[in-house]
Amino acid sequence: MISSKNFHFTLIYMGAIPFVIGSILLVLGFEEILYLGRLEWIIGSYGLVICSFIAGVHWGQFIQGVDLVKINLPLTSNSIVLLAWFLFLILNSVYFFYILILLFFVLLAIDYQLFKLDRISLNYIKCRAIVTTAVNTALLISGITIN
25 MISSKNFHFT
35 LIYMGAIPFV
45 IGSILLVLGF
55 EEILYLGRLE
65 WIIGSYGLVI
75 CSFIAGVHWG
85 QFIQGVDLVK
95 INLPLTSNSI
105 VLLAWFLFLI
115 LNSVYFFYIL
125 ILLFFVLLAI
135 DYQLFKLDRI
145 SLNYIKCRAI
155 VTTAVNTALL
165 ISGITIN
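Take 25 as the starting number for the sequence shown in the numbering used here and just add one per residue.
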């Protein structure tokens, strides 16, 4: 059984699964999942959800009193989510995947700033770095495969 103490790490790793499976299916030549739609839309919309979720975590850090960060967490989190949403609406999937890669690195950089302020643990930042690398690799493979 998974320890409740580390369950959040398990959930973070599990969050990468749709990106990885999506990229594998694209490489194998699948374009669509019955009843769900085109794989590129599924991956892109899921990426938008994850981007929003991570930005929401930063908003939560601000609400908990992290005012020492050199980054305006409410402004950056809202800006990142609105930018991601707008670009999801107007860009083709390949370009949106590349933008997501950039945004996920920006979100990781913000997490690193929070780590330096001792607001998040070393284990959490390591986990985020591993998962961000896996997700961004899957997005890159997906973008190359579609293109």
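The beta carbon of each residue, even a glycine, is placed where N, CA and C say it ideally should be.
Bounds of the alpha helix (DSSP H) holding Glu64 are Leu63 to Ile87.
Beta-bridge pairing by DSSP links Ile57 to Gly61. Excluding residues up to 5 positions away in sequence, nothing lies with its Cβ nearer than 6 Å to the Cβ of Trp109 in the same chain.
Segment contact: the segment 62–74 against the segment 82–102, fewer than three CB-CB distances shorter than 8 Å; contact not assigned.
For Asn171, there is no enclosing alpha helix (DSSP H), as DSSP gives it neither H nor E. A distance of 8 Å or more separates the beta carbons of Gly46 and Ile74. Segment contact: the segment 128–136 against the segment 152–160, three or more CB-CB distances shorter than 8 Å; contact assigned. Taking 8 Å as the upper bound for CB-CB distance, Leu111 and Phe121 are not in contact here, some 11 Å apart.
When the Cα atoms are used, Trp83 and Ser101 turn out to be separated by approximately 6 Å.
The residues His82, Ile95 and Thr100, in chain order, have a CB closer than 7 Å to that of Ile134 in the same chain once the five nearest residues on each side in sequence are set aside.
Between the C-alpha atoms of Phe86 and Val118 there is a straight-line separation of about 33 Å. Residue environment analysis places Val105 among the buried positions, since at least 16 neighbouring C-beta atoms fall within 10 angstroms of its C-beta. Straight through space, the alpha carbons of Leu107 and Ala79 are spaced by roughly 12 Å. Straight-line measurement puts the Cα of His32 at about 22 Å from the Cα of Leu124.
Rounded to the nearest angstrom, the Cβ distance from Leu50 to Leu63 is 6 Å, consistent with a contact under 8 Å. Ranking Gly53, Lys29, Ile36 and Leu35 by CA distance to the CA of Ile165 puts Gly53 first.
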